[in-house]
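Structure record follows, encoded as structure tokens.
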Amino acid sequence: RLQRFTVRHLGLFSSHGEFRRWDGSLTIDQQHPERSRVDITIRAGSVAVPWADGTALLRSPPYFDVADYPSIHFTSVAVNPLGTNRYQIDGILQLRGVTLSQEFDARLVDRRVDPVSKSEVADFRVDGTLHRSLFGMTADSMFISDVVAVVIRVRLRLGEALRDH
């Protein structure tokens with residue numbers, strides 16, 4: 016699930032938001048992590064912040080412009096191991112009609128058998144930052160930071176083919 020994004024205001028305060036609708040695929044090759052692939056499409060109109068006026072503002076043309084750009088898309092081009100349970104995911108991010116390279120840091124947080132489903136699950140945390148101005152979101156630049164922090168938390172149910180034997 017796409018956990019949240021954070022933007023600073025006036026260098027003093029932070030606002031948090033999330034996207035509530037997205038689809039994607041993830042292919043993990045445990046023996047060769049560099050062969051792993053990520054492909055995610057986010058419904059831009061599912062953006063939400065704690066106040067309704069803020070949500071409406073983010074959906075408007077100066078920000079995500081969901082009427083003209085209804086989706087955000089990320090496709091990995093490389094997954095590079097950085098150490099035990101840590102990976103760099105390089106990819107292409109398409110946002111508001113702009114396509115740019117984007118890098119994320121992924122970390123395996125936990126791997127265990129879920130007591131309820133009796134299946135093996137893996138929890139990942141993915142972190143990254145992007146500059147909103149590079150995607151044409153320059154509104155309110157005197158008050159809102161250009162840097163947006165992104166945090167994604169994913170729980171995967173691992174299939175038989177992915178389990179270590």
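Residue 16 is where the sequence shown starts when you use our numbering, and the numbers rise one by one after that.
Virtual Cβ for every residue (Gly too), placed ideally from N, Cα, C.
* Asked: In angstroms, rounded to a whole number, what distance separates the CA positions of G151 and V128?
  -> Approximately 44 Å between the Cα atoms of the pair.
* To do: Kindly list the residues whose CB is nearer than 6 Å to the CB of I57, restricted to its own chain and excluding five residues on each side of it in sequence; keep chain order.
  => Excluding sequence neighbours, I57 sits near F34, W37 and I87.
* To do: State the beta-bridge partners of A121 as determined by DSSP.
  => Answer by DSSP bridge pairing, in chain order: Y102 and V141.
* To do: From the DSSP output, in three-state form, read off A82 for me.
  => Of the three classes helix, strand and coil, the one that applies to A82 here is coil, per DSSP.
* Neighbourhood of R101 by C-beta, 6 Å cutoff - its chain only, sequence neighbours within 5 removed -> Excluding residues within five positions, the ones whose Cβ falls inside 6 Å are R122.
* Check the DSSP bridge columns for T114 and list the partner residues they point to. => For T114, DSSP records a beta bridge to Q109.
* Neighbourhood of R147 by C-beta, 7 Å cutoff - its chain only, sequence neighbours within 5 removed -> Counting only Cβ-Cβ distances below 7 Å, and skipping sequence neighbours, we find D161 and V163.
* Meets three-Cβ-pair contact criterion under 8 Å: the stretch 70–86 and the stretch 106–117 -> Here the stretch 70–86 lies against the stretch 106–117, with 3 or more beta-carbon pairs under 8 Å apart.
* alpha helix (DSSP H) containing A164: first to last residue? -> Run containing A164: none in the alpha helix (DSSP H); it sits in the beta strand (DSSP E), I159 to R172.
* To do: For D120, collect the residues of the same chain with a Cβ closer than 8 Å to its Cβ; drop the 5 residues on either side in sequence, then sort them by chain order.
  => Cβ contact annotation for D120 (same chain, cutoff 8 Å, sequence separation greater than five): L97, R101, Y102, Q103, I104, V141, D142 and G143, in chain order.
* Asked: CB S91 to CB R52, shorter than 8 Å?
  -> For the 8 Å CB-CB criterion, S91 and R52 form a contact.
* To do: Check the C-beta distance from F79 over to V64 and give it rounded, since I have them as a contact under 8 Å.
  => Between the beta-carbon of F79 and that of V64 there is about 12 Å, and that puts the pair past the 8 Å contact cut.
* Neighbourhood of V94 by C-beta distance below 6 Å, restricted to the same chain and skipping five residues each side -> The answer, listed in chain order, is P48, E49, S51, Y102 and I104.
* Asked: According to DSSP, what are the bridge partners of I57?
  -> Per DSSP, W37 and I87.
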